[in-house]
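Peer 1: A single structure is presented below for examination.
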Amino acid sequence: MRSPCRSTTRWPGAVGWTTNRLLIPAACVELVFAFVVLFVPPIARQLGHANPPLVGWLVALASAPLMLAVDAANKAHRRTRQINGD
């Protein structure tokens, strides 16, 4: 049985972005939904949403590469521990 995790030791780019055929479509659906609830006025009003300030956009844009960097650091640390037998 395969693990539900794409890889516990390899960076996602090394596994391949297209190895999971649903990954890219799911990310696109998520982005479209986020833009709809933020920028379609009747829906945004009903949900109490508003366009984030510039700082909010910067945090949102920085979150994806930051998450990949944290994931890569964690996997590198785990590999080091496995090699050293900890």
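For the sequence shown, our numbering assigns the number -1 to the initial residue and increments by one for each residue that follows. Glycine is no exception: its CB is placed at the ideal position from the N, C-alpha and C atoms.
1) Determine the DSSP secondary structure at D69, reduced to helix, strand or coil.
2) Identify the continuous alpha helix (DSSP H) that holds L36 and give its terminal residues.
3) How about V35 and A24: are their beta carbons less than 8 Å apart?
4) When you compare only the Cα positions, how much space is there between N72 and L20?
5) Just to check, is the beta-carbon of M65 closer than 7 Å to a non-hydrogen atom of the ligand PLP?
6) Would DSSP call N82 helix, strand or coil?
7) Terminal residues of the continuous alpha helix (DSSP H) containing A48?
Peer 2: Looking at the coordinates:
1) DSSP places D69 in helix when its eight states are reduced to three.
2) Unbroken alpha helix (DSSP H) run through L36: L21 to F37.
3) Not closer than 8 Å, so no.
4) Cα to Cα, the separation comes out at about 25 Å.
5) Of the ligands one can find in the structure shown there are none, so the ligand PLP has no counterpart to examine.
6) Reduced to three states, the DSSP call for N82 is helix.
7) No alpha helix (DSSP H) contains A48, which DSSP labels as neither H nor E.
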